[in-house]
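Its first residue numbered 44, the sequence shown is counted upward by one per residue in our numbering. Working notes for the structure below.
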Amino acid sequence: AQAATAYEKLISVCPDVDEYRIYHAQSLFKAGAYPEASRVAAKIDSQQYSQRLCMLQAMIKFEQEEISAFKTILGRCLEDDPETIIASAAYFFKEGEFNQALNKYFDVQNTLGHQVDLAYNIGLCHYKLKQYDAATKV
């Protein structure tokens, strides 16, 4: 909440800097102020940051468990962007479709290389699939 307040003040001084407005929306999202984050993000019209805004709006809907809206917005995001693929994997995981989630996480890992958070998610998918050996070797 402190970050959101700081960005709000910064925006009052520099109202034309879209990046500050995006950080403001992201800080509201991180603070759990989803309706306000959504309202702030909706007011930003920036081609340069369109993917970040799309992902932010999708994740706000995901956190609010508005899955239909999440899927619609995610469909507007760049399909091959690692963040889009991770969000899709999170959706599959939430729906209990662990094989599909696992495949998405592997796709991202093949693009980005080994990352701890991806390894954790891959291990968790293996665990949910009762593939305990694979889960311990991630």
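Idealized CB from N, CA, C, for every residue including glycine. These numbers were taken from a predicted model, which means no experiment stands behind them.
Distances from the alpha-carbon of Gln91 to those of Ile116, Glu62 and Ala101 put Glu62 closest. Judged by their CB atoms, Ser81 and Gln100 are nearer to each other than the 8 Å cut-off. Ranked by how close their Cα comes to the Cα of Ile65, the residues Gln158, Ala85 and Val151 have Ala85 in first place. About 20 Å separates the Cβ atoms of Leu96 and Ile110, ruling out a contact at the 8 Å cut-off.
With respect to the 8 Å criterion, Ala74 and Ala49 are not classified as neighbours on the basis of their beta carbons. At least 8 Å separates the beta-carbon of Cys57 from that of Gln94.
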